[in-house]
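Worksheet: the structure to be examined is printed underneath.
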(Lines of atoms letter the chains of each structure in order from A and count residues from 1; the text may use other names and numbers.)
(Lines give C-alpha, C1' and ligand atoms only; values in the text may rest on other atoms or scores of the structure.)
Protein backbone atom coordinates (compact mmCIF):
# COMPACT_ATOMS: atom_id res chain seq x y z
CA UNK A 1 0.00 0.00 0.00
CA UNK A 2 0.91 3.65 -0.25
CA UNK A 3 0.72 5.37 3.13
CA UNK A 4 0.22 9.08 3.58
CA UNK A 5 2.45 10.26 6.40
CA UNK A 6 3.73 13.60 7.62
CA UNK A 7 6.21 14.25 10.44
CA UNK A 8 4.10 17.21 11.62
CA UNK A 9 1.58 14.70 12.96
CA UNK A 10 4.14 13.64 15.60
CA UNK A 11 4.31 17.18 16.99
CA UNK A 12 0.75 17.04 18.36
CA UNK A 13 1.68 16.19 21.95
CA UNK A 14 -1.13 15.08 24.23
CA UNK A 15 0.77 14.52 27.47
CA UNK A 16 1.68 11.63 29.70
CA UNK A 17 -0.64 8.61 29.48
CA UNK A 18 -3.08 10.14 27.01
CA UNK A 19 -4.19 7.26 24.75
CA UNK A 20 -3.97 9.30 21.53
CA UNK A 21 -0.20 9.80 21.44
CA UNK A 22 2.50 10.07 18.75
CA UNK A 23 3.54 6.55 19.72
CA UNK A 24 0.57 5.29 17.72
CA UNK A 25 2.18 6.34 14.45
CA UNK A 26 5.61 5.17 15.58
CA UNK A 27 4.22 1.71 16.38
CA UNK A 28 2.55 1.48 12.97
CA UNK A 29 5.74 2.52 11.20
CA UNK A 30 7.79 -0.06 13.12
CA UNK A 31 5.39 -2.82 12.15
CA UNK A 32 5.25 -1.77 8.51
CA UNK A 33 9.05 -1.65 8.36
CA UNK A 34 8.98 -5.45 8.32
CA UNK A 35 6.69 -5.56 5.28
CA UNK A 36 7.40 -5.47 1.56
CA UNK A 37 5.77 -3.00 -0.80
CA UNK A 38 5.26 -0.17 1.69
CA UNK A 39 5.60 3.33 0.26
CA UNK A 40 5.22 6.64 2.12
CA UNK A 41 3.91 9.88 0.66
CA UNK A 42 4.12 13.24 2.46
CA UNK A 43 1.11 14.99 0.95
CA UNK A 44 0.58 18.71 1.31
CA UNK A 45 -1.36 19.92 4.36
CA UNK A 46 -5.00 20.75 3.80
CA UNK A 47 -5.62 24.38 2.84
CA UNK A 48 -7.76 26.28 5.30
CA UNK A 49 -10.43 26.66 2.61
CA UNK A 50 -10.90 22.88 2.56
CA UNK A 51 -11.33 22.87 6.33
CA UNK A 52 -13.87 25.68 6.35
CA UNK A 53 -15.87 23.81 3.72
CA UNK A 54 -17.00 21.50 6.55
CA UNK A 55 -16.17 23.51 9.70
CA UNK A 56 -17.50 26.90 10.77
CA UNK A 57 -15.03 29.70 10.11
CA UNK A 58 -15.50 30.98 13.68
CA UNK A 59 -14.51 27.62 15.12
CA UNK A 60 -11.46 27.42 12.86
CA UNK A 61 -10.34 30.88 14.01
CA UNK A 62 -10.89 29.91 17.64
CA UNK A 63 -8.88 26.69 17.47
CA UNK A 64 -6.05 28.39 15.58
CA UNK A 65 -5.88 31.11 18.23
CA UNK A 66 -6.05 28.48 20.98
CA UNK A 67 -3.03 26.70 19.50
CA UNK A 68 -1.14 29.93 18.82
CA UNK A 69 -1.54 30.75 22.52
CA UNK A 70 0.11 27.46 23.49
CA UNK A 71 -2.93 25.18 23.62
CA UNK A 72 -4.16 23.38 26.70
CA UNK A 73 -7.26 21.36 27.52
CA UNK A 74 -9.96 22.16 24.98
CA UNK A 75 -12.16 19.74 26.92
CA UNK A 76 -11.56 16.86 29.33
CA UNK A 77 -10.31 14.56 26.54
CA UNK A 78 -9.11 16.85 23.79
CA UNK A 79 -5.68 18.38 24.33
CA UNK A 80 -3.77 20.81 22.12
CA UNK A 81 -0.31 22.31 21.98
CA UNK A 82 1.07 25.03 19.74
CA UNK A 83 1.87 22.49 16.99
CA UNK A 84 -1.59 20.88 17.03
CA UNK A 85 -3.11 23.05 14.30
CA UNK A 86 -0.32 22.24 11.86
CA UNK A 87 -0.66 18.54 12.74
CA UNK A 88 -4.41 18.71 12.14
CA UNK A 89 -3.91 20.32 8.73
CA UNK A 90 -1.31 17.66 7.88
CA UNK A 91 -3.70 14.86 8.88
CA UNK A 92 -6.53 16.37 6.83
CA UNK A 93 -4.15 16.75 3.89
CA UNK A 94 -3.28 13.06 4.07
CA UNK A 95 -6.99 12.21 3.96
CA UNK A 96 -7.47 14.46 0.93
CA UNK A 97 -4.52 12.73 -0.75
CA UNK A 98 -6.06 9.30 -0.06
CA UNK A 99 -9.37 10.31 -1.63
CA UNK A 100 -7.66 11.88 -4.64
CA UNK A 101 -5.41 8.88 -5.29
CA UNK A 102 -8.32 6.47 -4.91
CA UNK A 103 -10.26 8.48 -7.49
CA UNK A 104 -7.22 8.48 -9.77
CA UNK A 105 -7.37 4.69 -9.83
CA UNK A 106 -4.70 3.71 -7.32
CA UNK A 107 -5.71 0.25 -6.17
CA UNK A 108 -4.23 -3.14 -5.37
CA UNK A 109 -0.76 -2.67 -3.94
CA UNK A 110 -1.08 1.09 -4.55
CA UNK A 111 -4.23 1.50 -2.44
CA UNK A 112 -3.87 4.67 -0.34
CA UNK A 113 -4.00 4.75 3.47
CA UNK A 114 -3.69 8.10 5.28
CA UNK A 115 -1.76 7.73 8.53
CA UNK A 116 -2.64 11.06 10.10
CA UNK A 117 -3.25 12.24 13.65
CA UNK A 118 -5.02 13.79 15.43
CA UNK A 119 -7.96 11.67 14.28
CA UNK A 120 -11.06 13.39 12.98
CA UNK A 121 -14.39 11.61 13.07
CA UNK A 122 -15.68 13.21 16.30
CA UNK A 123 -14.99 16.80 15.22
CA UNK A 124 -18.31 18.49 14.48
CA UNK A 125 -18.77 21.58 12.35
CA UNK A 126 -18.27 24.02 15.23
CA UNK A 127 -16.32 22.14 17.89
CA UNK A 128 -13.45 19.81 18.70
CA UNK A 129 -14.12 16.72 20.81
CA UNK A 130 -13.03 13.15 21.37
CA UNK A 131 -9.34 13.79 20.55
CA UNK A 132 -10.39 15.33 17.19
CA UNK A 133 -9.97 18.89 15.85
CA UNK A 134 -10.47 18.69 12.07
CA UNK A 135 -12.76 16.06 10.56
CA UNK A 136 -10.28 14.48 8.18
CA UNK A 137 -12.60 12.13 6.28
CA UNK A 138 -15.27 14.83 5.96
CA UNK A 139 -12.74 17.32 4.59
CA UNK A 140 -11.56 14.73 2.06
CA UNK A 141 -15.08 13.80 0.96
CA UNK A 142 -16.25 17.38 0.56
CA UNK A 143 -13.04 18.40 -1.21
CA UNK A 144 -13.27 15.83 -4.01
CA UNK A 145 -16.94 16.67 -4.54
CA UNK A 146 -16.39 20.44 -4.53
CA UNK A 147 -13.45 20.09 -6.91
CA UNK A 148 -15.67 18.20 -9.35
CA UNK A 149 -13.67 14.98 -9.12
CA UNK A 150 -16.54 13.02 -7.59
CA UNK A 151 -20.31 13.27 -7.55
CA UNK A 152 -20.82 10.92 -4.60
CA UNK A 153 -18.68 9.63 -1.73
CA UNK A 154 -19.45 6.79 0.67
CA UNK A 155 -17.75 6.53 4.06
CA UNK A 156 -17.66 3.41 6.24
CA UNK A 157 -16.56 4.15 9.79
CA UNK A 158 -15.55 0.94 11.59
CA UNK A 159 -14.01 2.70 14.58
CA UNK A 160 -15.57 1.37 17.81
CA UNK A 161 -16.92 4.85 18.57
CA UNK A 162 -19.69 6.42 16.53
CA UNK A 163 -18.27 9.13 14.26
CA UNK A 164 -20.76 11.77 15.34
CA UNK A 165 -18.86 14.49 13.47
CA UNK A 166 -19.09 12.86 10.04
CA UNK A 167 -22.68 11.84 10.84
CA UNK A 168 -23.71 15.41 11.69
CA UNK A 169 -21.82 17.16 8.88
CA UNK A 170 -23.45 15.05 6.16
CA UNK A 171 -26.79 14.23 7.81
CA UNK A 172 -28.88 16.45 5.52
CA UNK A 173 -26.95 16.16 2.26
CA UNK A 174 -27.46 13.58 -0.46
CA UNK A 175 -23.99 13.29 -2.00
CA UNK A 176 -22.22 11.60 0.94
CA UNK A 177 -23.39 8.29 2.41
CA UNK A 178 -22.16 7.70 5.97
CA UNK A 179 -22.26 4.24 7.54
CA UNK A 180 -20.97 3.47 11.02
CA UNK A 181 -20.50 0.16 12.83
CA UNK A 182 -19.89 1.01 16.48
CA UNK A 183 -20.35 -0.11 20.06
CA UNK A 184 -23.76 0.88 21.35
CA UNK A 185 -23.67 3.26 24.33
CA UNK A 186 -19.97 4.03 24.10
CA UNK A 187 -18.69 7.61 23.73
CA UNK A 188 -20.18 9.85 22.38
CA UNK A 189 -23.51 8.07 22.88
CA UNK A 190 -24.90 8.80 19.41
CA UNK A 191 -25.60 6.71 16.33
CA UNK A 192 -29.01 5.10 16.82
CA UNK A 193 -30.57 2.84 14.22
CA UNK A 194 -33.38 5.31 13.52
CA UNK A 195 -30.99 8.16 12.65
CA UNK A 196 -31.10 7.73 8.87
CA UNK A 197 -30.60 11.26 7.53
CA UNK A 198 -33.01 14.06 6.76
CA UNK A 199 -33.97 16.29 3.87
CA UNK A 200 -31.80 15.57 0.85
CA UNK A 201 -29.84 13.16 3.04
CA UNK A 202 -32.78 10.96 4.00
CA UNK A 203 -31.66 7.34 3.75
CA UNK A 204 -27.95 8.14 3.39
CA UNK A 205 -26.99 7.54 7.03
CA UNK A 206 -26.69 3.96 8.28
CA UNK A 207 -25.92 3.33 11.94
CA UNK A 208 -25.15 -0.19 13.17
CA UNK A 209 -24.90 0.08 16.98
CA UNK A 210 -23.70 -3.36 18.04
CA UNK A 211 -23.78 -4.43 21.67
CA UNK A 212 -20.54 -5.10 23.58
CA UNK A 213 -18.97 -8.47 22.89
CA UNK A 214 -19.63 -8.56 19.15
CA UNK A 215 -16.75 -9.72 17.00
CA UNK A 216 -15.59 -10.82 13.58
CA UNK A 217 -18.73 -12.63 12.39
CA UNK A 218 -21.02 -9.82 13.52
CA UNK A 219 -18.97 -7.09 11.83
CA UNK A 220 -18.66 -9.13 8.63
CA UNK A 221 -22.42 -9.75 8.59
CA UNK A 222 -23.08 -6.02 9.03
CA UNK A 223 -21.00 -5.32 5.93
CA UNK A 224 -22.36 -8.25 3.90
CA UNK A 225 -26.02 -7.59 4.67
CA UNK A 226 -26.17 -3.81 4.98
CA UNK A 227 -23.11 -1.71 4.18
CA UNK A 228 -22.33 -3.52 0.94
CA UNK A 229 -25.83 -3.40 -0.58
CA UNK A 230 -26.33 0.19 0.52
CA UNK A 231 -23.03 1.40 -0.91
CA UNK A 232 -23.47 -0.41 -4.22
CA UNK A 233 -26.97 1.03 -4.61
CA UNK A 234 -25.66 4.52 -3.75
CA UNK A 235 -23.14 4.19 -6.61
CA UNK A 236 -20.29 6.29 -5.16
CA UNK A 237 -17.24 7.39 -7.08
CA UNK A 238 -15.02 6.72 -4.09
CA UNK A 239 -15.34 4.84 -0.81
CA UNK A 240 -13.40 5.98 2.23
CA UNK A 241 -12.91 3.79 5.28
CA UNK A 242 -12.60 5.72 8.53
CA UNK A 243 -10.35 3.02 9.89
CA UNK A 244 -10.22 2.95 13.66
CA UNK A 245 -8.93 -0.25 15.21
CA UNK A 246 -10.27 0.15 18.74
CA UNK A 247 -12.93 -2.54 18.29
CA UNK A 248 -10.02 -4.97 18.59
CA UNK A 249 -10.51 -7.57 21.31
CA UNK A 250 -7.34 -6.39 23.06
CA UNK A 251 -7.88 -2.64 22.76
CA UNK A 252 -7.86 -1.05 26.23
CA UNK A 253 -10.91 1.21 25.82
CA UNK A 254 -13.61 -0.95 24.23
CA UNK A 255 -15.49 -4.18 24.85
CA UNK A 256 -15.72 -5.49 21.30
CA UNK A 257 -14.09 -8.69 20.09
CA UNK A 258 -12.75 -8.06 16.57
CA UNK A 259 -9.47 -9.88 15.92
CA UNK A 260 -6.52 -8.84 13.81
CA UNK A 261 -7.56 -11.49 11.30
CA UNK A 262 -11.07 -10.06 11.46
CA UNK A 263 -9.81 -6.68 10.28
CA UNK A 264 -8.37 -8.50 7.32
CA UNK A 265 -11.78 -10.00 6.57
CA UNK A 266 -13.38 -6.55 6.81
CA UNK A 267 -10.76 -5.18 4.42
CA UNK A 268 -11.39 -7.85 1.79
CA UNK A 269 -15.07 -7.01 1.93
CA UNK A 270 -14.49 -3.31 1.40
CA UNK A 271 -12.12 -4.05 -1.47
CA UNK A 272 -14.77 -6.25 -3.10
CA UNK A 273 -17.55 -3.70 -2.53
CA UNK A 274 -15.46 -0.96 -4.12
CA UNK A 275 -14.81 -3.22 -7.10
CA UNK A 276 -18.52 -4.05 -7.46
CA UNK A 277 -19.44 -0.36 -7.22
CA UNK A 278 -16.65 0.60 -9.63
CA UNK A 279 -15.42 3.04 -6.98
CA UNK A 280 -12.01 4.05 -5.74
CA UNK A 281 -11.06 2.94 -2.22
CA UNK A 282 -8.97 4.74 0.39
CA UNK A 283 -8.38 4.43 4.13
CA UNK A 284 -8.11 7.16 6.76
CA UNK A 285 -6.75 6.35 10.22
CA UNK A 286 -9.02 7.05 13.18
CA UNK A 287 -8.66 5.41 16.62
CA UNK A 288 -6.95 2.37 18.07
CA UNK A 289 -5.14 2.65 21.38
CA UNK A 290 -3.38 -0.62 22.04
CA UNK A 291 -0.07 0.03 20.31
CA UNK A 292 0.58 -3.59 19.37
CA UNK A 293 -2.95 -4.33 18.18
CA UNK A 294 -3.16 -1.05 16.28
CA UNK A 295 0.11 -1.76 14.49
CA UNK A 296 -0.83 -5.36 13.76
CA UNK A 297 -4.24 -4.37 12.39
CA UNK A 298 -2.91 -1.67 10.06
CA UNK A 299 -0.32 -4.17 8.89
CA UNK A 300 -3.08 -6.68 8.24
CA UNK A 301 -4.86 -4.16 5.98
CA UNK A 302 -1.61 -3.74 4.06
CA UNK A 303 -1.10 -7.49 3.78
CA UNK A 304 -4.55 -7.96 2.26
CA UNK A 305 -3.54 -5.64 -0.58
CA UNK A 306 -0.24 -7.49 -0.82
CA UNK A 307 -2.03 -10.77 -1.53
CA UNK A 308 -2.91 -12.22 1.87
CA UNK A 309 -6.24 -14.04 2.16
CA UNK A 310 -7.38 -13.68 5.78
CA UNK A 311 -9.20 -16.50 7.51
CA UNK A 312 -12.97 -16.06 7.43
CA UNK A 313 -14.74 -16.09 10.81
CA UNK A 314 -16.33 -19.45 11.59
CA UNK A 315 -18.48 -18.47 14.57
CA UNK A 316 -22.19 -17.77 14.34
CA UNK A 317 -23.59 -14.24 14.31
CA UNK A 318 -24.63 -13.44 17.88
CA UNK A 319 -28.26 -12.91 18.89
CA UNK A 320 -27.33 -9.45 20.15
CA UNK A 321 -26.29 -8.57 16.58
CA UNK A 322 -29.25 -10.18 14.80
CA UNK A 323 -31.63 -8.05 16.88
CA UNK A 324 -29.89 -4.90 15.63
CA UNK A 325 -30.00 -6.24 12.08
CA UNK A 326 -33.76 -6.79 12.40
CA UNK A 327 -34.15 -3.16 13.46
CA UNK A 328 -32.15 -2.08 10.42
CA UNK A 329 -34.41 -4.04 8.10
CA UNK A 330 -37.39 -2.35 9.71
CA UNK A 331 -35.78 0.97 8.70
CA UNK A 332 -35.58 -0.24 5.10
CA UNK A 333 -31.87 -1.07 4.98
CA UNK A 334 -30.37 -4.17 3.43
CA UNK A 335 -30.71 -5.92 0.12
CA UNK A 336 -32.05 -3.57 -2.57
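Numbering (full-length UniProt numbering), first residue to last: 1 to 336. Note that beta-carbon positions come from the ideal geometry of N, C-alpha and C, so glycine has one too.
1) Out of 323, 114 and 106, state which residue places its alpha-carbon closest to the alpha-carbon of residue 139.
2) Does the region 186-195 come into contact with the region 157-164, if we say contact requires no fewer than three beta-carbon pairs (one atom in each stretch) closer than 8 Å?
3) Is residue 80 helix, strand or coil by DSSP?
4) Could you give the distance in angstroms between the alpha-carbon of residue 233 and the alpha-carbon of residue 85?
5) Determine whether the beta carbon atoms of residue 98 and residue 11 lie at a separation below 7 Å.
6) Taking a contact to mean a Cβ-Cβ separation below 7 Å, would you say residue 304 touches residue 268 in this structure?
7) Using three-state DSSP, classify residue 189 as helix, strand or coil.
8) Across which residues does DSSP place residue 337 in a beta bridge pair?
9) Taking the C-alpha atoms as reference points, what is the distance between residue 202 and residue 327?
10) For residue 211, tell me which candidate among 297, 240, 14 and 247 has the shortest Cα-Cα distance.
11) Less than 7 Å between the C-beta atoms of residue 43 and residue 4, yes or no?
12) Which two residues bound the contiguous beta strand (DSSP E) that contains residue 240?
13) Run through the region 235-291 for me and flag every whole beta strand (DSSP E) of 3 or more residues, listed as ranges in chain order.
14) Is any non-hydrogen atom of the ligand SAH found closer than 6 Å to the C-beta of residue 246, if you look at the structure I gave you?
15) Can you give me the Cβ contacts of residue 137 inside the same chain, cut-off strictly under 7 Å, excluding the 5 residues immediately before and after it?
16) Give the DSSP-derived three-state secondary structure of residue 131 in the structure shown.
17) Please determine if the region 120-134 and the region 204-222 are in contact, where contact requires at least 3 C-beta pairs separated by less than 8 Å.
18) Identify, in the order they occur along the chain, each residue of the same chain with its Cβ nearer than 8 Å to the Cβ of residue 289, setting aside the five sequence neighbours on each side.
19) Compare the Cα-Cα distances from residue 92 to each of 73, 110 and 132 and report the closest residue.
20) Just checking my contact of residue 22 with residue 89 at CB under 8 Å: how many whole Å lie between their CB atoms?
21) For residue 178, name the three-state secondary structure that DSSP assigns.
22) DSSP on residue 215, reduced to helix/strand/coil?
23) Verify whether the separation of the beta carbon atoms of residue 220 and residue 256 is less than 7 Å.
24) Along the chain, where does the beta strand (DSSP E) containing residue 60 start, and where does it finish?
25) Span of the beta strand (DSSP E) holding residue 157?
26) Going by C-alpha to C-alpha distance, which of 262, 237 and 238 sits closest to residue 249?
27) Would you say residue 274 and residue 312 are within 7 Å of each other, going by their C-beta atoms?
28) In terms of DSSP beta bridges, what is residue 73 paired with?
29) From which residue to which residue does the alpha helix (DSSP H) around residue 325 run?
30) By Cβ distance below 6 Å, which residues in the same chain neighbour residue 376 in space, the five residues on each side in sequence not counted?
31) Among 9, 130 and 103, which one has its Cα closest to the Cα of residue 117?
Taking the definition as stated:
1) Ranking 323, 114 and 106 by Cα distance to residue 139 puts 114 first.
2) By the Cβ test, the region 186-195 is in contact with the region 157-164, since at least three Cβ pairs between them sit closer than 8 Å.
3) The answer is strand: DSSP assigns residue 80 an E or B state.
4) Roughly 38 Å between the two C-alpha positions.
5) It is not a contact, given that the beta carbons lie outside the stated cut-off.
6) Taking 7 Å as the Cβ cut-off, residue 304 and residue 268 qualify as a contacting pair.
7) In the three-state reduction of the DSSP assignment, residue 189 falls in the coil class, being assigned neither a helical nor a strand state.
8) Residue 337 cannot be examined here, being either before or after the span of the chain that is shown, 1 to 336.
9) C-alpha separation (whole angstroms): 17 Å.
10) Ranking 297, 240, 14 and 247 by Cα distance to residue 211 puts 247 first.
11) Yes, they are a contact pair.
12) Looking at the DSSP string, the run of the beta strand (DSSP E) that includes residue 240 is 238-243.
13) Listed in chain order, they are 238-243 and 280-285.
14) As for the ligand SAH, it is missing from this structure, which has no ligand bound.
15) Taken in chain order, the residues that qualify are 95, 120, 121, 155, 166, 240, 242 and 284.
16) The answer is coil: DSSP assigns residue 131 none of H, G, I, E or B.
17) Between the region 120-134 and the region 204-222 there are fewer than three inter-stretch CB-CB distances shorter than 8 Å, so the stretches are not counted as touching.
18) Around residue 289, the same chain offers 19, 20, 24, 246, 251, 252 and 253 as residues with beta carbons nearer than 8 Å, after the five sequence neighbours per side are excluded.
19) For the residues 73, 110 and 132, the minimum Cα distance to residue 92 belongs to 132.
20) With a Cβ gap of about 16 Å, residue 22 and residue 89 do not count as contacting.
21) Looking at residue 178 - three-state DSSP - the assignment turns out to be strand.
22) DSSP places residue 215 in strand when its eight states are reduced to three.
23) No, Cβ-Cβ distance for residue 220 and residue 256 is not below 7 Å.
24) Element bounds for residue 60: not the beta strand (DSSP E) but the alpha helix (DSSP H), 57-68.
25) Unbroken beta strand (DSSP E) run through residue 157: 153-157.
26) The candidate whose alpha carbon is nearest that of residue 249 is 262.
27) Not in contact: residue 274 and residue 312 (Cβ atoms no closer than 7 Å).
28) 79.
29) Per DSSP, the unbroken alpha helix (DSSP H) holding residue 325 starts and ends at 319-330.
30) Outside the modelled stretch of the chain, which goes from 1 to 336, sits residue 376, for which no answer is possible.
31) When each option's Cα is compared against that of residue 117, the closest is 9.
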